[in-house]
Amino acid sequence: MKVGVLLALGCLAVAVPAAGWAETLVAARVIKARAILTAEDLKLVPEDIPGGVSDPGAIIGREIRVAVYAGQPIRPEDVAPPTVIERNQRVTVAYRKGGLSILAEGRALGRGGIGDTIRVMNSGSKMTVDATIGDDGVAYVHSE
Numbered sequence: 018m019k020v021g022v023l024l025a026l027g028c029l030a031v032a033v034p035a036a037g038w039a040e041t042l043v044a045a046r047v048i049k050a051r052a053i054l055t056a057e058d059l060k061l062v063p064e065d066i067p068g069g070v071s072d073p074g075a076i077i078g079r080e081i082r083v084a085v086y087a088g089q090p091i092r093p094e095d096v097a098p099p100t101v102i103e104r105n106q107r108v109t110v111a112y113r114k115g116g117l118s119i120l121a122e123g124r125a126l127g128r129g130g131i132g133d134t135i136r137v138m139n140s141g142s143k144m145t146v147d148a149t150i151g152d153d154g155v156a157y158v159h160s161e
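For any residue, its number in the working numbering is found by taking its place in the sequence shown, counting from 1, and adding 17.
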């Protein structure tokens, strides 16, 4: 008799969620790739979905990299800083080392946001280099 009561209480304890139950952000509607996330795009669900984001402030204003369907959790790898340079866009390419500063015109071979590294082709020499996108939209060539 005592064993039956203990088992029933054990099942009851499993059914009650733990204090501090986590919430996860999911898409409130279909969000197309390359869209900038707004609060209206997101909703919190009372579930702890592994790999999901729970802080809206961490992703609002960022760009979604892939299409996300309604109810699908938003993961950190699904978002990135907003794109400031598009593929094939003309960009200023800068190389700085010590007192030397060289500026040239180039063409972006990829797209990216501030802090991203993209391939850029120098318009004059046709040479391709890796460059990091600065806050000012300039592509800064990596110096070795």
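For every residue, glycine included, the Cβ atom is placed at its ideal position computed from N, Cα and C.
P90 carries a strand assignment under DSSP once its states are collapsed to helix, strand and coil. For the pair I77 and E94, the Cα-to-Cα distance works out to about 14 Å. When the beta-carbon positions are compared, V43 and V70 stay at least 7 Å from each other. For S118, the enclosing beta strand (DSSP E) stretches over residues 117–125.
In this structure, the straight-line span from the alpha carbon of G132 to that of D152 is close to 8 Å. A50 is classed as exposed because its beta carbon has fewer than 16 other beta carbons within 10 Å across all chains shown.
Here the alpha carbons of P98 and E40 stand approximately 24 Å from one another. Three or more beta-carbon pairs drawn from the stretch 116–129 and the stretch 137–156 are found closer than 8 Å, and the two stretches are therefore classed as touching. The residues R124, A125, in chain order, have a CB closer than 7 Å to that of N105 in the same chain once the five nearest residues on each side in sequence are set aside. C-alpha of Y157 to C-alpha of W38: approximately 45 Å in a straight line.
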